[in-house]
Amino acid sequence: MERRVVVTGGGIVSVLGNNWEEAFKSLKACKNFIKYMPEWAEKYPLMNTRLAAPIEGFALDPEKYPRKKIRGMGPVAQMALAATANALECAGIKEDDSLLQSGRMGIAYGSSMGSVMPLMDYFSMLITNDTSKIGATTYIKCMPQTCAANLEVYYQLKGRIITTNTACTSGSQSIGYAYETIKSGKQDVMIAGGAEEFCPVDAAAFDTLFSTSTKNDTPELTPSAYDKDRDGLVVGEGAGSLILEEYEHAKARGAKIYAELVGFGTTTDGTHITSPNRDTIANAIRLSIEDAGIDSKEIGYVNTHGTATKAGDMCESGATYDVFQRAVPVSTTKNYTGHTLGACGAIEAWLTINMMNEGWFHPNINLKEVDPECAPLDYITGTGREIKTDYVMSNNFAFGGINTSLIFKRWKE
Numbered sequence: 002m003e004r005r006v007v008v009t010g011g012g013i014v015s016v017l018g019n020n021w022e023e024a025f026k027s028l029k030a031c032k033n034f035i036k037y038m039p040e041w042a043e044k045y046p047l048m049n050t051r052l053a054a055p056i057e058g059f060a061l062d063p064e065k066y067p068r069k070k071i072r073g074m075g076p077v078a079q080m081a082l083a084a085t086a087n088a089l090e091c092a093g094i095k096e097d098d099s100l101l102q103s104g105r106m107g108i109a110y111g112s113s114m115g116s117v118m119p120l121m122d123y124f125s126m127l128i129t130n131d132t133s134k135i136g137a138t139t140y141i142k143c144m145p146q147t148c149a150a151n152l153e154v155y156y157q158l159k160g161r162i163i164t165t166n167t168a169c170t171s172g173s174q175s176i177g178y179a180y181e182t183i184k185s186g187k188q189d190v191m192i193a194g195g196a197e198e199f200c201p202v203d204a205a206a207f208d209t210l211f212s213t214s215t216k217n218d219t220p221e222l223t224p225s226a227y228d229k230d231r232d233g234l235v236v237g238e239g240a241g242s243l244i245l246e247e248y249e250h251a252k253a254r255g256a257k258i259y260a261e262l263v264g265f266g267t268t269t270d271g272t273h274i275t276s277p278n279r280d281t282i283a284n285a286i287r288l289s290i291e292d293a294g295i296d297s298k299e300i301g302y303v304n305t306h307g308t309a310t311k312a313g314d315m316c317e318s319g320a321t322y323d324v325f326q327r328a329v330p331v332s333t334t335k336n337y338t339g340h341t342l343g344a345c346g347a348i349e350a351w352l353t354i355n356m357m358n359e360g361w362f363h364p365n366i367n368l369k370e371v372d373p374e375c376a377p378l379d380y381i382t383g384t385g386r387e388i389k390t391d392y393v394m395s396n397n398f399a400f401g402g403i404n405t406s407l408i409f410k411r412w413k414e
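If you count the sequence shown from 1, position 106 lands on 107 in the numbering used here, and the numbers rise without skipping.
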């Protein structure tokens with residue numbers, strides 16, 4: 002018999018704040034956190050965008066996190082650790098809890114890539130023939146699995162490890178695969194999430210594809226997903242972690258339950274490495290609904306990927322309408338935070354769960370006039386909307402043609 006999977010904790014590191022209370026206040030303010038980066042004009046004159054959403058002042062407390070325990074962590078892994086520590090505290094699991102080393106608790110975690118600066122040390126070796134900049138932790142900091150591996154060692158986990166380095170679906174795929182691992186009985190508890198540190202190379206990657214916003218003089222007005230005058234995405238950073246747990250296990254230890262994860266769907270496009278595919282996106286959404294065993298009419302809100310690129314907005318909105326066949330309420334968090342890449346799926350999932358529990362969903366800020374080429378969905382605007390619903394969906398799509406859809410159910414005893 003398949004087992005039920007519940008969410009017993011969550012944590013974020015974000016421009017919105019580092020807990021739900023802070024994030025809720027930020028979302029209610031209906032203002033974004035996009036900044037003009039003046040130094041880019043001189044350093045990277047060929048790059049069109051000068052916009053980003055970095056987290057100011059992030060640093061781990063050295064008294065709580067001594068160097069010896071985090072020396073193999075670059076910024077991306079450190080943000081993953083901070084979010085996970087918050088999630089575990091939220092779930093009532095202490096660092097010395099025997100559950101961590103029981104073998105029945107594992108981790109699924111991802112990022113688009115590891116820390117970038119250590120890669121520069123390797124690059125320097127190839128240019129100068131000098132290996133002096135390469136140390137014992139250089140590779141550990143930049144390896145793609147740095148978040149999952151560092152967290153596993155830090156918490157001395159003895160269960161399964163799943164690394165999802167699938168770009169913008171890293172966080173959501175981690176949650177989905179952790180869910181399936183618990184559902185099938187392989188583990189009782191999983192840490193699941195994603196992280197991404199800010200680096201100008203991320204903006205450059207999208208800039209070369211003419212996918213970044215160039216509203217450099219008005220950062221407060223962009224990104225503006227689904228708007229007829231949108232002009233692209235803005236890169237951000239952060240981390241998000243969820244604690245997923247088998248229901249009976251959570252019940253036995255008296256854990257607070259925030260939601261039940263009931264549906265997960267994932268597909269690949271098989272058509273193009275960067276251009277989204279409407280049909281396969283729609284299929285991922287259908288698969289999550291089928292997995293949940295519900296009718297699409299029961300879903301009262303969708304947190305969309307919403308990158309503010311023309312192709313992405315049109316394809317995603319079209320696929321969503323293809324499945325729902327109605328104007329389902331939707332909004333994207335990226336208009337607030339920028340695109341946090343590997344972190345977005347986990348951050349957005351935790352926010353979506355909490356918005357469902359609050360009965361309030363944030364608007365699509367900066368959306369003034371819906372692009373007529375986008376599908377006829379119910380794009381939430383203004384100051385947000387109060388919606389009472391028992392089911393919410395959170396969707397993400399990534400380069401490589403990787404699509405994910407998650408469905409959470411309001412928890413009722």
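Ideal Cβ placement from N, Cα and C applies to all residues, glycine included.
query: Member of Arg-5, Val-16, Ser-15 and Trp-21 whose CA lies at the smallest distance from the CA of Glu-359; result: Trp-21
query: Beta strand (DSSP E) runs contained entirely in the region 169-240, provided each spans 3 or more residues; result: 190-197
query: Expected contact under 8 Å - CB spacing of Ala-240 and Ala-344 to nearest Å; result: 5 Å
query: Same chain, Cβ closer than 7 Å to Asn-365, five either side skipped, listed in chain order; result: Ala-226, Tyr-227, Ser-332, Thr-333, Asn-336, Tyr-380, Ile-381 and Thr-382
query: Test item: CB-CB of Ala-347 and Gly-172 under 7 Å; result: yes
query: Short Cβ contact (7 Å threshold) for Asn-49 with Thr-267; result: no
query: Cβ pair count under 8 Å reaching 3, the region 112-129 against the region 253-266; result: no
query: Buried/exposed call for Lys-413, threshold 16 Cβ in 10 Å; result: exposed
query: Validate contact between the region 141-155 and the region 125-133 using beta carbons, cut 8 Å, 3 pairs; result: no
query: Residues of its chain near Ser-318, where Cβ-Cβ distance is below 6 Å and the 5 sequence neighbours each way are ignored; result: Cys-375, Ala-376 and Leu-378
query: Integer-rounded CB distance, given that Gly-402 should sit under 8 Å from Ile-274; result: 7 Å
query: Where Ala-260 sits in the DSSP three-state scheme; result: strand
query: C-alpha distance - Glu-249 paired with Ile-295, whole-angstrom precision; result: 22 Å
query: Among Met-106, Gly-307, Arg-411 and Ala-309, the one whose alpha carbon lies nearest that of Glu-246; result: Met-106
query: Buried versus exposed call for Val-77 [16 or more other C-beta atoms within 10 Å across all chains shown]; result: buried
query: Three-state secondary structure (DSSP) of Ser-113; result: coil
query: With 16 other Cβ atoms within 10 Å as the buried cut-off, status of Gly-255; result: exposed
query: Top-ranked residue by Cα proximity to Glu-238, from Pro-55, Asp-280, Lys-32 and Arg-4; result: Pro-55
query: Neighbourhood of Trp-361 by C-beta distance below 6 Å, restricted to the same chain and skipping five residues each side; result: Gly-385 and Glu-387
query: Three-way DSSP call (helix, strand, coil) for Trp-361 in this model; result: strand
query: For His-340, three-class secondary structure by DSSP; result: strand
query: Ile-108 - partner residues in DSSP beta bridges; result: Ile-162 and Ile-192
query: Beta carbon of His-306 nearer than 7 Å to that of Asn-397; result: yes
query: CB contact flag (Thr-353, Asn-404, <7 Å); result: no
query: For Ala-84, the first and last residue of its enclosing alpha helix (DSSP H); result: 76-92
query: Contact belief for Gly-194 with Tyr-110 at Cβ below 8 Å, rounded distance in angstroms; result: 6 Å
query: Inter-residue Cα distance where the pair is Phe-34 and Lys-26; result: 13 Å
query: Span of the alpha helix (DSSP H), counted from its first residue to its last, around Val-324; result: 311-325
query: Boundaries (first-last residue) of the alpha helix (DSSP H) holding Leu-120; result: 118-129
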